[in-house]
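So the sequence lines, in the order shown, correspond to chains A and B. Its first residue numbered 164, the first sequence is counted upward by one per residue in the numbering used here. Its first residue numbered 3, the second sequence is counted upward by one per residue in the numbering used here.
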Amino acid sequence: MSGTAAEGPRNLAGFTKADYEGGKTTLCPGCGHNAITGGIIQAAFEAGLEPHRVAKLSGIGCSSKTPAYFLGHAHGCNAVHGRMPSVATGVHLANRELLLIGVSGDGDTASIGLGQFCHLVRRNVPVVYIIENNGVYGLTKGQFSATADVGSTMKNGRPNALMPIDCCAIAIELGCGFVARSFSGDQKQLRPLLKAAFAHRGTAVLDVVSPCVTFADHEGSTKSYAAVKQSDTPLHEIDFVPYFEDIHVDYAPGTTREVELPDGSHIVLKKLAEDYDPTSRARALMTLEEARTERRLVTGLLYVEPEKPAFDRDLGLVDTPLARLPLEQVRPPRRVLEEIMEGFRTGRGQVAAEGGG
Amino acid sequence: MNPGVNDFSIQVATVNGSGSQTSNTVLLRAIFQMGVPVSGKNLFPSNIAGLPTWFTIRVSRHGWVARAARTDVMVVMNPETAEADVAGVGPGGVIVLNDQIQVPPIPDDRVVYAVPMRALIEPITHDVRLRRLVVNMIYVGVLAELLGIAEGEIERALDAQLGHKPKALALNHQAVRAGWEWARDHLDKRDPFRVERMSLTEGKILIDGNNAAALGAMFGGVTVVTWYPITPSSSLIEALIGHLERYRRRPDGRANYAVVQAEDEIAAIGMALGAGWAGARSMTSTSGPGISLMAEFAGYGYYAEIPAVVWDIQRVGPSTGLPTRTSQGDLAFVHQLSHGDTRHPVLLPSSVEECYDFAMRAFDLAERLQTPVFVLSDLDLGMNNWMSDPFPYPERPWDRGKVLTEAELAKLATFERYRDVDGDGIPYRTLPGVRDPKGAYFTRGSGHDEAARYTESPEVYARVMDRLARKFETARALVPAPLVEDDDQAEVGLITFGSNHWALLESRDQLQTEGVRTGYLLLRALPFTEHLGRFLARYRRIYVVEQNRDGQMAALVRLESPADAARVGSIRCYTGLPVDPRHITDEVLREERAAGAGAARPAPPIREGVVR
Ligand SMILES: Cc1ncc(C[n+]2csc(CCOP(=O)(O)OP(=O)(O)O)c2C)c(N)n1
Ligand code: SF4
Ligand SMILES: [Mg+2]
């Protein structure tokens with residue numbers, strides 16, 4: 164229980180909200196990414212994360228700069244363009260006690276980093292993977308990224324003719340156990356999704372549409388504030404009830420769905436127009452496809468599978484983080500070397516192989 | 003000893019995928035067990051089955067283990083290359099020929115033993131597929147009889163290779179016997195080549211460099227291994243996986259290491275750096291094409307100061323063509339891998355024992371210097387079998403470098419990630435997970451100040467760059483120093499690195515008998531150490547020997563010491579085959595003559611009978 168002398172109420176872990184803040188943002192005023200940063204700070208505070216148990220990771224882009232603006236008491240690593248997933252995987256291997264928050268952009272994830280993104284999801288490495296999706300490369304001044312919608316225009320009026328890559332659909336396809344879509348302007352939805360993602364053990368993908376006010380907020384852009392407000396179709400209203408709280412709101416029977424996460428916390432989904440089942444992959448993919456043809460942006464928890472085994476379980480690792488193992492545990496004793504040397508003396512330790520490329 | 007005794011080389015020409023590797027290993031091992039120094043080199047194609055492959059075994063009572071270009075005994079098993087194989091045997095040479103193979107008339111001054119391989123293998127098994135594999139044991143039997151390799155030694159070697167598969171063992175044994183008995187009953191020995199017992203290999207091991215490196219990594223305490231398959235690097239990781247599974251799991255089966263086969267080499271180094279950043283001992287291994295992909299991350303690791311170990315088992319590049327042939331062409335690229343002002347420490351093992359030793363030291367260096375450290379091996383060293391003394395158990399503990407513990411951090415008023423507190427260019431680091439909030443920092447590429455804050459200030463950037471240069475100076479004292487063998491009477495100094503060492507030893511000997519005495523410096527790392535300057539000053543003419551076309555190491559040496567540059571010559575081999583000592587000798591002699599060096603006064607060889 165530490166924390167600075169900052170004012171304000173303390174959370175379960177004994178920290179104030181200021182303990183979750185970071186450096187001052189250098190992004191454009193009004194940039195959607197700033198709102199997501201605010202959402203992360205609030206969600207981390209409410210979830211009672213211990214900052215030192217968090218590691219922040221990112222690639223390159225305006226979005227990837229943001230880990231410097233939240234959780235200043237956590238280590239952070241701003242890696243290279245599109246390759247945050249591999250760095251995150253390495254960090255997790257070294258110390259799986261850390262909660263990894265990865266921030267990426269649509270260019271960083273869907274363009275240059277698509278391969279690494281897919282493989283992170285496929286391995287189910289525990290990372291809260293936030294894509295700050297504005298459909299353009301903000302930092303290189305407004306070129307289209309691979310998530311730009313067909314017909315959406317650049318600031319100079321040029322339209323995009325290529326099919327967008329839907330990171331949520333890909334994640335679901337690859338077996339991701341937590342896939343959500345949200346909007347930087349909808350904190351009420353974003354915050355509980357973030358908290359649920361923090362509690363999920365495995366890759367949690369949050370694709371958050373986050374308008375770029377400088378290069379993609381014009382008429383003709385499908386990811387402008389105006390366009391998103393118009394097309395946003397929430398699947399449900401979301402509450403997150405952490406393991407340390409009781410479900411204290413009375414919901415009318417039959418109006419909610421609940422998902423329990425392994426740590427005992429609950430996601431409560433209040434039905435809206437229809438009863439959306441987030442545990443069906445087929446349903447999730449169909450919903451995304453329908454939304455695409457109808458040019459709607461569906462937001463909410465698209466798919467969840469809380470029990471899916473994470474990467475470290477597959478690897479059968481010891482409990483102690485690998486980074487902290489003492490020499491005695493990782494250097495086998497002398498007799499092992501002698502045994503191996505004897506094998507190479509007699510030839511039993513080595514059997515021939517050939518070929519390759 | 004007669005000239006043909008324990009001093010000749012065998013070449014076996016087969017097709018790959020035909021199981022000849024087991025036969026060749028048995029031959030090699032049997033000779034080794036007889037106490038006679040031996041080395042084996044596999045010259046294989048980039049293919050799984052059906053292309054020509056050659057295996058050379060050099061038997062040398064002097065202990066020479068470099069590739070000998072001359073073939074004394076040729077075993078012809080591949081119809082497709084038979085004509086050329088036969089033509090490659092000089093007068094006095096021996097040809098052991100599968101009698102089913104048609105070859106043009108062979109001159110009388112070669113000894114030909116035609117062996118009815120098919121007739122011999124047929125009664126042993128009816129399975130046609132098995133015949134193709136086991137027929138290779140026939141030549142083992144024939145050679146054993148011809149060369150006088152003790153039967154018991156062949157059996158022991160065979161048992162070591164196949165003892166775990168009793169059926170295969172019996173079948174192969176039968177084939178060896180068939181070849182043996184046939185040769186005994188039908189062949190008149192008409193050549194001088196023989197193996198006689200010595201005691202020069204007693205207690206020694208035969209091991210490939212990749213396996214040695216894998217052992218070093220395990221005993222060095224590696225915890226995170228990431229890789230993407232590529233010849234000739236894969237066998238390093240595969241050996242490592244084997245050792246780790248066996249010796250680094252707890253009784254309950256849980257692993258105190260993680261191995262991840264990444265989606266490509268970019269991810270492999272990204273994972274290694276992520277793990278290094280978070281405090282694990284991490285490594286990856288690859289070859290040239292993978293190194294190319296790692297370039298951006300290598301620079302990132304350099305600027306962000308993150309430890310990781312990267313092995314490059316060099317091969318000829320790029321892509322298709324000669325990926326299974328050896329080379330030292332990655333040196334300059336690896337040393338400065340990435341954009342911007344990068345310079346990486348590079349370790350240059352020359353022997354299997356150094357592969358083992360440097361595998362451990364590379365971790366210590368990477369963590370001490372907080373930077374990616376590269377280890378440059380090559381296909382010849384990595385994939386071929388070399389004699390060595392058994393490796394010593396590491397007596398020293400590991401060096402985890404300047405990592406602040408929770409308690410140390412608590413005692414500090416402030417912590418700044420990139421401040422040069424000690425003046426050696428190496429800052430202190432903390433690991434993610436430390437409780438003390440002042441320990442947290444944000445890692446970036448080039449734009450940071452001493453406190454790891456973002457800045458694009460020109461002064462700060464230059465300051466950081468100067469400190470990194472200082473760190474590189476510190477590295478000079480930490481990397482393995484060269485091995486130097488001075489000769490007071492020599493005017494010529496030879497420099498090399500890596501697996502060429504063995505060819506150079508022999509070449510020096512040849513040069514000495516031709517009247518050219520030489521001093522010798524074996525480089526074992528970059529950056530260079532002070533030894534290089536002394537060596538350059540000492541000799542009139544220097545030759546840097548290496549396996550690439552443009553003389554990359556020679557260029558680095560000249561850059562390091564411009565005043566000596568004019569005296570630094572370059573001898574290069576770039577055929578994709580391990581260096582032949584004679585090539586070096588001839589090149590030095592040619593250059594020396596061109597330089598008008600003094601009259602040649604032949605001297606006795608340096609190390610007749612020395613086994614190293
Ligand atoms: C290897 C490499 N190529 C290109 C760049 C240039 N670059 C920097 S940011 C960026 C695009 C970022 O777009 P996105 O991930 O969508 O982030 P945004 O700025 O939109 O938040 C590019 C192409 C780079 N840094 N590295
Ligand atoms: S350029 Fe766009 S994405 Fe980048 S900070 Fe400005 S508004 Fe945000
Ligand atoms: Mg973008």
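Built from N, CA and C at the ideal position, the CB exists for glycine as well. Since we're looking at a predicted model, the values are computed, not measured.
For a test of your reading of the model: does the CB of residue i fall under 8 Å from any non-hydrogen atom of ligand 2? Yes or no.
{"i": "B/F417", "result": "no"}
{"i": "A/H381", "result": "no"}
{"i": "B/L470", "result": "no"}
{"i": "A/L579", "result": "Because chain A in this structure spans residues 164 to 520, residue 579 of chain A falls outside the shown range and cannot be described."}
Terminal residues of the continuous beta strand (DSSP E) containing residue i?
{"i": "B/A182", "result": "Per the sequence shown, the amino acid found at residue 182 of chain B is Trp instead of Ala. It is not in any beta strand (DSSP E) - B/W182 instead sits in the alpha helix (DSSP H) that spans P168 to H188."}
{"i": "B/Y395", "result": "Taken as a continuous stretch (DSSP letters only), B/Y395 belongs to no beta strand (DSSP E), as it is neither H nor E."}
{"i": "A/H429", "result": "H429 to K434"}
{"i": "A/G278", "result": "It is not in any beta strand (DSSP E) - A/G278 instead sits in the alpha helix (DSSP H) that spans L277 to R286."}
{"i": "A/I294", "result": "V291 to N296"}
{"i": "B/K43", "result": "V40 to L45"}
{"i": "B/I315", "result": "A310 to Q316"}
{"i": "B/T16", "result": "D9 to V17"}
{"i": "B/V226", "result": "V226 to W229"}
Helix or strand or just coil, what does DSSP make of residue i?
{"i": "A/C331", "result": "helix"}
{"i": "B/T286", "result": "strand"}
{"i": "A/E421", "result": "strand"}
{"i": "A/H196", "result": "helix"}
{"i": "A/D269", "result": "helix"}
{"i": "B/T520", "result": "strand"}
{"i": "A/F474", "result": "helix"}
{"i": "A/A241", "result": "Here residue 241 of chain A turns out to be Asn, not Ala, going by the sequence shown. Looking at A/N241 - three-state DSSP - the assignment turns out to be strand."}
What span of residues does the alpha helix (DSSP H) with residue i cover, start to end?
{"i": "B/W56", "result": "No alpha helix (DSSP H) contains B/W56, which is instead part of the beta strand (DSSP E) from P54 to S62."}
{"i": "B/K413", "result": "E408 to K413"}
{"i": "A/A367", "result": "Here A/A367 belongs to no alpha helix (DSSP H); instead the beta strand (DSSP E) covers A367 to V372."}
{"i": "B/V570", "result": "First-last for B/V570: V570 to R574, but that is the beta strand (DSSP E), not the alpha helix (DSSP H)."}
{"i": "B/A146", "result": "V130 to L149"}
{"i": "B/W279", "result": "E267 to W279"}
{"i": "B/P374", "result": "Note, B/P374: premise wrong, no alpha helix (DSSP H); beta strand (DSSP E) at P374 to D380."}
{"i": "A/K351", "result": "Q350 to A362"}
What residues match up with residue i in a beta bridge as DSSP calls it?
{"i": "B/R251", "result": "B/A257"}
{"i": "A/F507", "result": "Paired residue(s): none; A/F507 is not in a bridge."}
{"i": "A/P397", "result": "A/T462"}
{"i": "B/M389", "result": "B/L208"}
{"i": "B/E85", "result": "B/E85 pairs with nothing; no bridge assigned."}
{"i": "A/Q306", "result": "A/Y300"}
{"i": "A/G185", "result": "According to DSSP, A/G185 bridges with nothing at all."}
{"i": "A/D402", "result": "A/V431"}
{"i": "A/F341", "result": "A/V467"}
{"i": "B/V105", "result": "None, per the DSSP bridge assignment."}
{"i": "B/T498", "result": "B/L524 and B/V547"}
{"i": "B/M76", "result": "B/Q13 and B/I97"}
{"i": "B/F444", "result": "A/G239"}
Using beta carbons (cut-off 9 Å, strictly below), is residue i in contact with chain E?
{"i": "A/V250", "result": "No chain E is part of this structure, whose protein chains are labelled A and B."}
Closer than 8 Å: is that where the CB of residue i sits relative to any heavy atom of ligand 3?
{"i": "A/V376", "result": "no"}
{"i": "B/G500", "result": "no"}
{"i": "A/G222", "result": "no"}
Say yes only if the C-beta of residue i is nearer than 8 Å to one or more non-hydrogen atoms of ligand 1, and no if none qualify.
{"i": "A/N297", "result": "yes"}
{"i": "A/L302", "result": "yes"}
{"i": "A/C225", "result": "yes"}
{"i": "A/T442", "result": "no"}
{"i": "B/E298", "result": "yes"}
{"i": "A/H244", "result": "yes"}
{"i": "A/S274", "result": "yes"}
Quick one: measure Cβ to Cβ for residue i and residue j, integer angstroms, because I've assumed they're closer than 8 Å.
{"i": "A/V254", "j": "B/A277", "result": "7 Å"}
{"i": "A/V467", "j": "A/G340", "result": "7 Å"}
{"i": "A/P441", "j": "A/V461", "result": "The Cβ separation is near 12 Å, so there is no contact."}
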